[in-house]
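Residue numbers (the working numbering), protein chains in the order written: chain P, 2 to 502; chain F, 343 to 762. The beta carbon of each residue, even a glycine, is placed where N, CA and C say it ideally should be.
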């Protein structure tokens, strides 16, 4: 239902080119240019003599936007042809008796007649299905890993409700066996988020689902950061009543919203200070840069459009308020996560171009989830809004295909005509758009990353398993080959090491 | 046409809602029935239900007068499924909402706590669960104060007033890491307390005799049922060494035990089979979530069933109790036979929780918990077309379907009833 490139091309009439706050964003292009140079401190000419003759300038200071760069490299892959499969392209298309050729980590060709090049490994796929890899926009693997012991509880920086300065990647433990289980479930990319205790929980990180010795080895190259925010009762519960924070705030929904707004206002002031520094330096003045504030660094990056807001929000009324906060401060919410009541405002979500990342049927475990219905995903889809199936769970992430299947069946029972090919968008291209990686992955298109899954059969069946999971054309998981079933460090030498999982 | 279907549905619902709660005579014809869990396949079955009970399941059987005929051609028919060890009816939400009646943090005694004291058959979880084909459940506390989980019971999810099927069916005990933390701070400390309780109630030692004039010990009273085999002990254990302790308990005291959780039970599958100790497990548990569960694997259920252990399934949690068939389907995907997986949500829990004399199969005289499915009941895209509990047709309605119907078309103020 969504036009191709929907998330990217969406017009944000209020966000750009207006007077007032947006003036501070006009330097975005220049800043991005600096980002691409990748330097923490740029030595500028000591004196821009033309502007302020006689005044000696200090060094120009700019902020390194990528201090923890990805060291990801694809695993070794082979020239591989998979043939005779039922292929879902992740954009709504389905091809019977299809073949797909992967070369140098990319999708080289696919369709009805793709000949096997010399030296290609040919995988016979008769009776099997091939899809784009599943992308989970909501995971806590690594930050709430297995074992879930006190020592590994690294997902919520509880203490104060505004912590956009913390970055999930600094908590990710790459030895969480949950990553390998997710490979067996066909997950090729995932966003690791901080928890929802705080109004601003911190930065997320997008990973390719491959083993690594460090989180940087897994970081999806070029993927934008996300900012986790949380609506409603979680921040209230954690702080209300004076727990964890002597200021007792927030303890109400209105306290939550006041907290977001003040933080955004602070971020605007911070951005203005940096803009002024920029202007003054360029005018040749000898000026000191503003004092760096790691919280404001993240929030200002959201206001510039560099970081995507991923917002935990259950209730329809709360989401409606957040859409106004978004407009007030000229930023974008990429997706509401959980969005158990998205079906009540699916029209507004479509109009505002915000995705909803949902469970098929989880409900009731808290008051905000009490109005969950099984048709939520299908109704959001029906409204023409962007629907995503997410997990938020180390078990759910292993069978997101089944979650899509349930949502599809529920939609059909409610009279909606949804195809399997359409439903796969909930698992691939829609989440890719929400994360800003849709140019690289999320669908089967020539030139895209070869992130694909070969299923033992129809992936909308409970009995179907991922036979092989490919990331960038390399096998990360093979159900029939123990040498391609990664074992986490933690599992070594333990009961069950290397067992079927 | 769609609105006509909805209207017809609403009329049917209205009829069912206003009709007196009486069991009628139903004849379900033309479907494929499974009479004993996943076994006893009968094609073109005529399933006769009368007075709340199964009358017969016969291929191409005749429909006697006075039976309402339900066409089930192309459909699958099974017994209503049974989910194990939930907290259904003991709370709507729990977190920051209503009281959670499954908890025991502030209890004086824990061992004998009775979930019937908190059970609410009007909980919205019950219609939500039963319209998905799950019609029976065992219910126990989740504890909190120490390792004891009170006395478990079995309920049916019907609309009658007799929803408690078997009261005080079992005593729950959590000897996992979790129980040890709350019940003494370590396993040795917890076991010292556990043995003291059992020894005090053991009629063979004579220590259970109450002194004249002394107050009855509530815990001893509750434990007595174990020694008289009126109740059994459900023990939450995941680590192999803990599961061996459960076997030793059975040997020492002679009462009936079942293992719940059982993440590493596959490692002692033959011993469990020999000792006739059933295992109630979550087939999706395949992660080392704690140091008790390092050997967790999705193949657990398959391995236990093949070794001859009687297996039943836990749902992921109480609100998701309705996802039981999906869990069973995943057990099949991990190597369990389909018939064994269906057994694990029907005849097996009926036997394990002691209600097999009236529930669990579609044999003559059994309670008519019957579900008509639009396909393989373990498949994720399958759902029930009709559900009967104790012979009563269940309205296929819940708070969730009401919300669905209200928001199917978005209007400014959906709170007003739409006039057709």
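At a cut-off of 7 Å between beta carbons, residue 330 of chain P makes no contact with chain F.
In the three-state reduction of the DSSP assignment, residue 152 of chain P falls in the helix class, which pools H, G and I. For residue 309 of chain P, DSSP records a beta bridge to P/227. Taking C-beta separations shorter than 8 Å and ignoring five residues to either side along the sequence, the partners of residue 253 of chain P in its chain run 237 and 241, following chain order.
With a contact defined as Cβ atoms closer than 8 Å, residue 388 of chain F and residue 400 of chain F qualify at about 5 Å. Counting the other CB atoms within 10 Å of its CB gives residue 408 of chain F a total below 16, which places it among the exposed residues. Separation of the CB atoms of residue 422 of chain P and residue 89 of chain P is rounded to 5 Å, and the pair is thereby assigned contact status at 8 Å. Boundaries of the beta strand (DSSP E) harbouring residue 193 of chain P: 188-193, taken from the DSSP string. Within the region 429-444 of chain F, those residues whose Cβ lies closer than 8 Å to any Cβ of chain P are, in chain order, 434, 435, 436, 437, 438 and 439. Annotation for residue 327 of chain P: the continuous alpha helix (DSSP H) segment containing it runs 317-329. With a beta-carbon spacing of about 4 Å, residue 424 of chain F and residue 691 of chain F fall inside the 8 Å limit used to define contacts. The region 158-173 of chain P and the region 191-210 of chain P touch, with no fewer than 3 CB-CB distances between them shorter than 8 Å.
Cβ-Cβ separation between residue 404 of chain P and residue 467 of chain P: approximately 14 Å, too far for a contact (criterion under 8 Å). For the region 420-432 of chain P, the beta-carbon criterion of a distance under 9 Å to any beta-carbon of chain F is satisfied by none of its residues. Sequence-ordered contacts of the region 327-358 of chain P with chain F read 344, 345, 347 and 348 [C-beta pairs closer than 7 Å]. Straight through space, the alpha carbons of residue 485 of chain P and residue 188 of chain P are spaced by roughly 15 Å.
Residue 378 of chain P sits buried, since 16 or more C-beta atoms from the chains shown fall within 10 Å of its C-beta. With its beta carbon less than 7 Å from one in chain P, residue 632 of chain F belongs to the interface. In terms of beta-carbon proximity, residue 671 of chain F lines the interface with chain P, with at least one pair separated by less than 7 Å. In summary, residue 448 of chain P is exposed, with fewer than 16 beta-carbon neighbours lying within 10 Å of its beta-carbon over all protein chains present. Residue pairing by DSSP puts residue 82 of chain P in a beta bridge opposite P/102 and P/123. For residue 467 of chain F, the C-beta contacts it makes with chain P under 9 Å involve 365, in order along the chain. Here the alpha carbons of residue 539 of chain F and residue 340 of chain P stand approximately 48 Å from one another. For residue 441 of chain F, the number of other beta carbons within 10 angstroms of its own is below 16, and it is reported as exposed.
Each of F/731, F/415, F/491 and F/403 was checked against the Cα of residue 443 of chain F, and the nearest Cα belongs to F/491. For residue 626 of chain F, the C-beta contacts it makes with chain P under 7 Å involve 396, in order along the chain. When DSSP assignments are scanned along the region 225-303 of chain P, the uninterrupted stretches of beta strand (DSSP E) that are 3 or more residues long and fall wholly within it turn out to be 227-231.
Distance check between residue 79 of chain P and each of P/92, P/120 and P/409 places P/120 closest, using alpha-carbon atoms only. A distance below 8 Å between beta-carbons, with the five flanking residues on each side excluded, links residue 715 of chain F to the following residues of its chain, in chain order: 417, 418, 419, 420, 475, 724, 725, 726 and 727. The C-beta of residue 295 of chain P has fewer than 16 other C-beta atoms within 10 Å across all chains shown, which makes the residue exposed. Residue 459 of chain F sits in a helix when the DSSP states are folded into three classes. With fewer than 16 other Cβ atoms inside 10 Å of its own Cβ, residue 68 of chain P counts as exposed. Restricted to the region 417-484 of chain F, the beta strand (DSSP E) segments that are unbroken, complete and at least 3 residues in length are 418-421, 423-428 and 476-481, listed in chain order.
Where residue 722 of chain F is concerned, there is no enclosing beta strand (DSSP E), because DSSP gives it neither an H nor an E. Residue burial is scored here from C-beta neighbours: residue 732 of chain F has at least 16 other C-beta atoms within 10 angstroms and is therefore classed as buried.
Taking C-beta separations shorter than 6 Å and ignoring five residues to either side along the sequence, the partners of residue 452 of chain P in its chain run 134, 189, 442 and 472, following chain order.
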